[in-house]
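Chains as they are written, first to last, in my numbering: chain A, 5 to 157; chain B, 5 to 157. What follows is a short report on a single structure.
There are 2 protein chains.
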Amino acid sequence: MATSTPRSAEAGPVTADAARDAWGLIWKLFLEDKPRRFAILSELGLSMQQAMALGHLEPGTPVPMSALAEAMHCDNSNITGIVDRLEAAGLAERRPGERDRRVKAVILTPKGEKTKVEVQRRAGSPPPRLAAMPLEDALALREILARAVGLNR
Amino acid sequence: MATSTPRSAEAGPVTADAARDAWGLIWKLFLEDKPRRFAILSELGLSMQQAMALGHLEPGTPVPMSALAEAMHCDNSNITGIVDRLEAAGLAERRPGERDRRVKAVILTPKGEKTKVEVQRRAGSPPPRLAAMPLEDALALREILARAVGLNR
DNA sequence: TATTGTTATACTCTATAACTATA
DNA sequence: TATAGTTATAGAGTATAACAATA
């Protein structure tokens, strides 16, 4: 039985159930969208992790390997390989740190900058189910997610 | 130029932008939640794909390898390895098909059934950001996603 | 001939641990 | 000593192609 007086600002069992269901639907959306993601990245010649690395690099801003590892929630030793492959593809370059010569920073090449834009445009597009939403749903969805994810950090 | 009369049931540019933003926020939620997922599955001794395979198996219902591959949107040859490891962990078993002896079906062991429940309970729990949502947001989120994902197939 | 699952192959991603070069 | 990045290692996931058994 749900609590009889669920106040709206409180995370009670009803909220937990709704949030759990919502999370399940998000997973379903993700799984269902897998082939589309694969096709897009395949055309761009990128792996998922390479695309994510591009997403964390801003044009003209060198990012230390360790910062990239932290942003991607993976081990330092992973980033070595991922950046190796970005470098081999001509999308990024390593440059030695200026103040501390232990750090190596990654920076986008011009080709990498173009590819990043393309990734954002294509791989960033929502799956058909979301793109087809009625306007009011799309607006509400964005607002709710922004409230949950964005500001209250 | 955007149409001057965007009706609500129509997917115009405004909807597309909102949907794109929402999709980006969902990705952010996913990435941010990666360490938590990792920790949970790690405690259960499962990989992501193994957990997903368990999610597609129902107690007492044998599922052909190829059906599992289709459900997980990956190649048949992948499933061989994933089921090998589930089998090695004592969570699932292969049984030969009855009508067509080419097919092999996967079925949960009793231990697999218990593990599946645990996976659903723990790995299915929403990330803190969603669990902390106000009730009205959680309900609205579920409803919008259900509309988008669930019924209109 | 066609299909189901496996095997062989090659590659990416993954963490851990050992190593290097700096600091 | 401590830290940043690499290398070594081992293992999981991935697709493709070739193969076996069965249809």
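The beta carbon of each residue, even a glycine, is placed where N, CA and C say it ideally should be. It should be emphasised that the depicted structure is a prediction, and the values quoted were computed from it without experimental measurement.
Practice task
Measuring alpha carbon to alpha carbon, tell me which of B:Val-110, B:Gly-116, B:Ser-51 ends up nearest Pro-66 (chain B).
Solution key: B:Val-110
Problem - Within chain A, partners of Ser-129 (chain B) - CB distance below 7 Å - result: Arg-24
Practice task
Using only alpha-carbon positions, find the residue among B:Leu-61, B:Phe-34, B:Gln-124 that is nearest to Met-56 (chain A).
Solution key: Ranking B:Leu-61, B:Phe-34, B:Gln-124 by CA distance to the CA of Met-56 (chain A) puts B:Phe-34 first.
Problem - Cβ-Cβ distance between Trp-31 (chain A) and Pro-130 (chain B) below 8 Å - result: no
Problem - Whole-number beta carbon distance between Leu-139 (chain A) and Val-162 (chain B), since they are thought to touch under 8 Å - result: No answer is possible for residue 162 (chain B): it lies beyond the span of chain B, which begins at 5 and ends at 157.
Handout entry: Any chain A beta carbon closer than 8 Å to Thr-9 (chain B)
Key = Low confidence applies here, because Thr-9 (chain B) scores a pLDDT of 43, under 50, leaving its location unreliable; read the following figure in that light. No, Thr-9 (chain B) lies away from the interface with chain A (no Cβ there is under 8 Å from its Cβ).
Handout entry: Reduced DSSP secondary structure (H/G/I, E/B, other) of Thr-65 (chain B)
Key = strand
Handout entry: Under the three-state DSSP convention, the category Leu-29 (chain A) falls into
Key = helix
Problem - Local conformation of Leu-2 (chain B) per DSSP, three classes - result: Any answer about residue 2 (chain B) is impossible in this case: the structure gives chain B only from 5 up to 157.
Practice task
Taking Ala-152 (chain A) as part of the beta strand (DSSP E), name the residues at either end of that continuous run.
Solution key: Where Ala-152 (chain A) is concerned, there is no enclosing beta strand (DSSP E), given that its DSSP letter is neither H nor E.
Practice task
May I have the straight-line CA-CA distance separating Asp-79 (chain A) from Ala-73 (chain A), to the nearest angstrom?
Solution key: 6 Å
Practice task
Could you list the residues in the stretch 24-43 of chain B with a C-beta less than 9 Å from some C-beta on chain A, going in chain order?
Solution key: Listed by position along the chain: Arg-24, Asp-25, Ala-26, Trp-27, Gly-28, Leu-29, Ile-30, Trp-31, Lys-32, Leu-33, Phe-34, Leu-35, Glu-36, Lys-38, Pro-39, Phe-42.
Handout entry: Classification of Val-121 (chain B) by the beta-carbon crowding that lies within 10 angstroms, buried from 16 upward
Key = Within 10 angstroms of the beta-carbon of Val-121 (chain B) lie fewer than 16 other beta-carbons, which makes it exposed.
Exercise for the section: Please decide whether Arg-151 (chain A) counts as near chain B, where near means a Cβ-Cβ distance under 8 Å. Expected result: It does; some Cβ of chain B falls within 8 Å.
Problem - Neighbour flag for Ile-86 (chain B) against chain A, beta carbons, 8 Å - result: The Cβ of Ile-86 (chain B) sits no closer than 8 Å to any Cβ of chain A.
Handout entry: 6 Å Cβ shell around Thr-119 (chain A) - same chain, five flanking residues per side excluded
Key = Leu-95
Exercise for the section: Run down chain A in chain order and give the residues with a C-beta less than 8 Å from the C-beta of Ala-144 (chain B). Expected result: Ala-144, Ile-148
Handout entry: Arg-41 (chain A) versus Ala-92 (chain B) - alpha carbon distance
Key = 31 Å
Exercise for the section: Could you pull out every residue in the same chain whose Cβ sits closer than 8 Å to the Cβ of Gly-101 (chain A), ignoring the five residues on either side in sequence? Expected result: Pro-68, Val-107, Lys-108, Ala-109
Practice task
Look at the alpha carbon of Arg-1 (chain B) and the alpha carbon of Ala-144 (chain A), and state the distance between them as a whole number of angstroms.
Solution key: Residue 1 (chain B) lies beyond the stretch modelled for chain B, which goes from 5 to 157, so this question has no answer here.
Exercise for the section: Compare the C-beta of Leu-61 (chain A) with all C-beta atoms of chain B and state if any pair is closer than 8 Å. Expected result: no
Problem - DSSP-derived helix/strand/coil call for Arg-103 (chain A) - result: coil
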